[in-house]
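The structure is reproduced here in structure tokens:
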């Protein structure tokens, strides 16, 4: 009975059924065209991705890249440790230097006397002073620890020390940015 009703419906509505089938077929053709275009784009991207390789095994290529990245990361970590070690050592090297020239005595000219501060990144080091007169010459060295002198400084030595401490370091001490 169902089959007879179906046949009767198809006989009376043949044109409508054919139109629906034609629309569905046209829709399927459009979907097929869209999928073909997408597939061509994917193939083009895939070929571009594999450019420069033997194109045999994507998994092996990815594994190789992962190994290279891991090795590069190991090298980078080693270099970071070495850089930190070098920075730590360099922070203790003389990095800031300033010289103040002056006349220590009224009867001399040409600013022959001087005070020079030599400091590391922690503002530790020394102040070297040379005092020159017509019949007199003397040199003094005074220790500096974290910007403070262990002996009393003259005005010129203080000026040299303060100017040196204001300078930027070439290499910063680790942990002090």
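Residue numbers (full-length UniProt numbering): 1 to 177. Every residue, glycine too, gets a C-beta built ideally from N, C-alpha and C.
With respect to residue 125, residue 117 sits close: the two C-beta atoms are nearer than 8 Å. For residue 144, the uninterrupted beta strand (DSSP E) segment begins and ends at 137 to 145.
Straight through space, the alpha carbons of residue 13 and residue 62 are spaced by roughly 59 Å. Rounded to whole angstroms, the Cβ separation of residue 153 and residue 142 is 6 Å, and the two are in contact under 8 Å.
Fewer than three beta-carbon pairs drawn from the stretch 94 to 106 and the stretch 72 to 82 are found closer than 8 Å, and the two stretches are therefore not classed as touching. Within the same chain, 99, 101 and 130 come within 6 Å of residue 114 by CB-CB distance, once the 5 residues on both sides are set aside. Rounded to the nearest angstrom, the gap between the Cα atoms of residue 59 and residue 37 is 26 Å. Rounded to whole angstroms, residue 161 and residue 148 show a C-alpha spacing of 9 Å.
Look at residue 171 here: in three-state DSSP terms it is coil, with no helix or strand label. In this model, residue 26 and residue 15 are separated by some 16 Å (Cα to Cα).
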